[in-house]
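Trainee: Taken in sequence, the protein lines are chains A and B.
Counting along the first sequence from 1, when you hit position 273 you're at 273 in our numbering, and nothing is skipped either side.
Counting along the second sequence from 1, when you hit position 32 you're at 1032 in our numbering, and nothing is skipped either side.
First, the structure itself, so that you have it in front of you.
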Amino acid sequence: MSQPRGDASLIWAVRGLAVASGGIVLLIVAFLALEAIPALREVGLRRFFTDASWHPADGADRGAFNLVPMVAGTLTVATGAVLIATPLGIASALFCRFYAPGALGRAYRRLVELLAGIPSVVYGFWGLVVLTPLIRQWQPPGQSLLAGILILTVMILPTVALLSESSLRSIPAAYLRGATALGLSRWATIRGVALPAARSGIFTAVILATGRAVGETMAVLMVMGNIVQVPGSVFDPVRTLTANIALEMGYAMEVHRSALFVTGLMLMAIVVVLVAANARLGREGRRA
Amino acid sequence: MRRRAVTLSNLPALMGLAFAAACSPGTEGAGSGDGTLEGRITITGSSTVAPLMGEVARRFEAEHPGVRVDVQTGGTSRGIADVRRRVAQIGMISRGLRPEEEDLDAVAVALDGITLIVHRDNHVATLSHDQVVDIFTGRVRRWDTVGGREAEITVVSKADGRATLELFLDHFGLRRDEIHPSLVIGDNQHGIRSVAGDPAAIAYVSIGTAAFESSQGRAIRMLPLDGVEPTLAAVQSGEFPASRPLNLVTFGDRSPPVQAFLSFAASERVQDLVEAQYFVPAPR
C-alpha cells in the first residue's frame, strides 16, 4: 500500500520533532550530570546523605552537604498539597459535570481556568504578605510547611479539577444513559459508573499535579522559610530542593555550585520515580 | 526583586552562559586611527557587582558601538585570578584590595553596606554588638531579654554564599554554622517583606534597599549598627562600620577601550544605575 507523498514527509517531520524533544531531555540530564561530577568526586555521594547539615560554601573538606532534609521537605509539601487538592479537585469536577446548571457550570469552569493561569510568583507574593502573617498570629514564625502546603494546594487544584472534569466528560454517553435506564440515583451513577470509568484520567491528573507540586520553586521559596531541617510539625519552616537551587545558584562557586547541580539531579530522580510509578499503576489500572 | 541573580526560570540562560564562558578567550581591543574605540572587553568576578556592570556595559556599548563588553560572574577570587592570568581585562571585586594584591589597580564604582532592620512597631532603640551576636547565634531568643516586648525573636538570615551574609559574618566575626536562623530568605526584598509582616523579626539587608523601602512607607525600621545611624551619607563617608567598596581592578597597562570603560563606570553618567541597584555612589 503506497502512501501519498504528503503523508510520508509529515511522518518524517513528526519523527524528527519527537527525536529532538527526547534529545533535549537527555541533553539536560547529561548537562546536570556533567556539572555535578566535581561535587560527586570531591565530596562523594555518601556525604550528600550522611553529613550533619547543609553548609556548602565552606568547600569540599570543611563544608557540609546533607540533602536529606530538603528531600523530606520536597516530599512532605508535595504530599500535603496533593492530599488536600485531590478530593477538592475531584469534587469540583463532579460539581461542574453533574450538578451545576449549564451556564453556572461554564462560568465556574472559566474561573478554574483563570486560577490555573496565575503565575506562581503572584501566589508566592500573596502568600508572603497575606497568608504567612495570618499563620504567624497562630504559630510563629508563619513562613512554614503549612503555608507551602496551602499555597501549593491552590496552585495544583486547577490541574486536578480541569483534567478530572475532561476525563469525566469523555465517558461514553451510553454508560450514563444505561445508568439512568437502570433507575440509578445521581450519586449512585457517579460512584458506580462515572468515577470508575474515568479512573485512569483522574489518576493522570493527580500525577501531573504532583509533578507540578514537586517542581514549584518561587512560591514555596517565598512562603516556606527555607530552613534546612526535617520538619517536626507543619509550623516548622523547611527548604525544598527547588528552593535550594534558586536561593543559592546566583552566588555559588566551585564545589558549592556543583553541589547545587547534585540537588538538581536529586530532583530529577524524584520525578523519574514519579513517572515510573505512574506508568506502572496506569498499566495495572487498565488491566483491572 | 531587582537583585535576585539567578532563579530556576533563567537557568537555561545560565547554561548558555556556561557554554559561552567555556569558549570565549578574552581579546584585547585597541583604539583605531580616527579616535573611535574598537575591541572587546571581558569582565569577570563578583556576582554582587556583575548585575550593575551588566547595566553599565549596555550603556557603554550604546555610546561606543565598536566595543563589545562581556560580563561574567564567578566571584571576587575569580575576578582577581582572571585579571592576573590576562583572561579578563577587568575584574570585579566586592571588597577593598588586600596587601598581597598591590600589583593590581582598583577603581571604586560604588559602596555597599548592610544594616539591621526590625518591624516598625518594635520599640527596641538599639542593640549592642554583643546583643546582635547573641540573637543570631540563638543565645538570646526573646525580645524581653534585650529590652523589647514579650515575644520570641524571629531571626531572619540569608542563604549560603550571599554577599550580604558574608559581610554580616565578617563584621560580627561569626562562622556560617554558628548562625541559627528561624527563616532563611533570598534577596533583600524578600527579607524586607518578611520583616514587615512579622513584628518579632530581625534581619540584615543591603542598606540602600532598606532606606528606599522605609521611605516608601514599608513597615520596617533600621537599627543603628555599633552606635552609627544607618544612612547613605554615613556609608559614603566611610563612617558606617559594615560597608565595603565595590571595585573594578586591572593588571598592568590599560588599553584605550578599558581605560574608557573604567572612567565611564566611575563617572556620574552611571549614578542612576548605581542607585537603581541599591548601592551608594562612590565618593569622588
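Heads up, the beta-carbon is just placed ideally off N, CA and C, and yes, glycines get one too.
Quantities reported herein were computed from a predicted structural model and do not represent experimental measurements.
Apply the 10 Å Cβ neighbour rule to Gly-1026 (chain B) and answer buried if 16 or more other Cβ atoms are within range, or exposed otherwise.
Mentor: Reliability fails at Gly-1026 (chain B), whose pLDDT of 40 lies under 50, so the model's placement of it is uncertain and no value is given.
Trainee: Short of 7 Å Cβ to Cβ, which residues in the stretch 122-135 of chain A face chain B?
Mentor: Leu-128, Val-129, Thr-132 and Pro-133
Trainee: For Gly-59 (chain A), I'd like the list of residues in its chain whose CB is within less than 7 Å of its CB, leaving aside the five on either flank, ordered along the chain.
Mentor: Val-255
Trainee: How big is the Cα-Cα spacing for Pro-196 (chain A) and Met-224 (chain A)?
Mentor: 37 Å
Trainee: Taking only beta carbons into account, state which residues of the stretch 1057-1080 of chain B come closer than 9 Å to chain A, listed in chain order.
Mentor: Contact residues of the stretch 1057-1080 of chain B toward chain A are Thr-1073, Gly-1074, Gly-1075, Ser-1077 and Arg-1078 (C-beta to C-beta distance below 9 Å).
Trainee: Residue range of the alpha helix (DSSP H) that Glu-248 (chain A) falls in?
Mentor: 241-248
Trainee: How would you label Val-272 (chain A), buried or exposed, when you count the other beta carbons within 10 angstroms and need 16 or more for buried?
Mentor: A residue is called buried when at least 16 other Cβ atoms come within 10 angstroms of its Cβ; Val-272 (chain A) does not meet this threshold and is exposed.
Trainee: For the stretch 1171-1189 of chain B, which residues have a beta carbon sitting closer than 8 Å to at least one beta carbon of chain D?
Mentor: Within the model displayed, chain D is absent; protein chains A and B are what it includes.
Trainee: Classify Arg-1003 (chain B) as helix, strand or coil using the three-state DSSP reduction.
Mentor: Its pLDDT being 38, under 50, Arg-1003 (chain B) is placed unreliably in this model, and the coordinates cannot settle the point.
Trainee: Identify whether Arg-1162 (chain B) lies in helix, strand or coil by the three-state DSSP scheme.
Mentor: coil
Trainee: Could you give the residue range of the alpha helix (DSSP H) that holds Val-1258 (chain B)?
Mentor: Element bounds for Val-1258 (chain B): 1256-1265.
Trainee: Answer with yes or no whether the minimum CB distance from Ser-53 (chain A) to chain B is below 8 Å.
Mentor: yes
Trainee: Between Thr-1154 (chain B) and chain A, is the shortest Cβ-Cβ distance under 8 Å, so that the two count as touching?
Mentor: yes
Trainee: If you reduce the DSSP assignment to three classes, tell me which class Thr-86 (chain A) lands in.
Mentor: helix
Trainee: What does the alpha-carbon distance come out to for the pair Glu-315 (chain A) and Thr-86 (chain A)?
Mentor: Absent from the model: residue 315 (chain A). The displayed extent of chain A is 1 to 288, so no value can be given.
Trainee: Compute the distance between the beta-carbons of Met-218 (chain A) and Val-121 (chain A), then report whether it is under 8 Å.
Mentor: yes
Trainee: Would you say Gly-1203 (chain B) reaches chain A, if we count a Cβ-Cβ gap shorter than 8 Å as a contact?
Mentor: Looking at the sequence provided, one finds Ala at residue 1203 (chain B) rather than Gly. No, no contact with chain A.
Trainee: In chain order, what residues of the stretch 1088-1106 of chain B put their CB closer than 8 Å to some CB of chain A?
Mentor: Taking 8 Å as the Cβ-Cβ cut-off against chain A, none of the residues of the stretch 1088-1106 of chain B qualify.
Trainee: Tell me where the beta strand (DSSP E) around Asp-1121 (chain B) begins and ends.
Mentor: Note, Asp-1121 (chain B): premise wrong, no beta strand (DSSP E); not H, not E.
Trainee: Answer yes or no: does any C-beta atom of chain A fall closer than 8 Å to that of Ala-1219 (chain B)?
Mentor: no
Trainee: So, is the C-beta of Gly-22 (chain A) closer than 8 Å to a C-beta in chain B?
Mentor: Not one chain B Cβ lies under 8 Å of Gly-22 (chain A).
Trainee: Roughly how many whole angstroms lie between the Cα atoms of Arg-199 (chain A) and Val-1132 (chain B)?
Mentor: 57 Å
Trainee: Under 8 Å by Cβ, that's how I've got Val-1155 (chain B) and Phe-1136 (chain B) pegged, so tell me the actual separation to the nearest angstrom.
Mentor: 6 Å
Trainee: Is it a yes or a no for the stretch 152-165 of chain A touching the stretch 83-103 of chain A, going by three-plus beta-carbon pairs under 8 Å?
Mentor: Yes, since at least three Cβ pairs between the stretch 152-165 of chain A and the stretch 83-103 of chain A fall closer than 8 Å, the two stretches touch.
Trainee: Is there at least one Cβ from chain A nearer than 8 Å to Ser-1214 (chain B)'s Cβ?
Mentor: no
Trainee: Spatial neighbours of Phe-1264 (chain B) within its chain, please: CB distance less than 6 Å, with the 5 preceding and 5 following residues excluded, ordered by chain position.
Mentor: Phe-1060
Trainee: Taking 8 Å as the cut-off, does the stretch 1118-1127 of chain B touch the stretch 1061-1080 of chain B (at least 3 CB pairs, one atom from each stretch)?
Mentor: no
Trainee: In the stretch 1121-1147 of chain B, which residues sit with their C-beta less than 9 Å from some C-beta in chain A, listed in chain order?
Mentor: Per Cβ criterion, the list is empty.
Trainee: For Pro-1283 (chain B), count neighbouring C-beta atoms within 10 Å of its own C-beta (all shown protein chains included) and say buried if the count is 16 or more, exposed if not.
Mentor: exposed
Trainee: How would you write the range of the alpha helix (DSSP H) that Ala-1203 (chain B) sits in, first residue to last?
Mentor: First-last for Ala-1203 (chain B): 1201-1206, but that is the beta strand (DSSP E), not the alpha helix (DSSP H).
Trainee: Which residues bound the beta strand (DSSP E) around Pro-56 (chain A)?
Mentor: Where Pro-56 (chain A) is concerned, there is no enclosing beta strand (DSSP E), given that its DSSP letter is neither H nor E.
Trainee: My parser needs the alpha helix (DSSP H) runs of 4 or more residues fully inside the stretch 3-54 of chain A; what are they?
Mentor: 5-42 and 47-50
Trainee: Which runs of the alpha helix (DSSP H), 4 residues or longer, sit entirely within the stretch 105-136 of chain A?
Mentor: Within the stretch 105-136 of chain A, the complete alpha helix (DSSP H) runs of at least 4 residues are 120-126.
Trainee: Give me the subset of the stretch 241-263 of chain A whose CB atoms are less than 7 Å from a CB atom of chain B, sorted by chain position.
Mentor: Thr-242, Ile-245, Ala-246, Leu-247, Glu-248, Met-249, Gly-250, Tyr-251, Ala-252, Met-253 and His-256
Trainee: Tell me, please, whether the CB atom of Ala-1200 (chain B) is closer than 8 Å to any CB atom in chain A?
Mentor: yes
Trainee: Does the beta-carbon distance from Arg-1244 (chain B) to Asp-1112 (chain B) come in below 8 Å?
Mentor: yes
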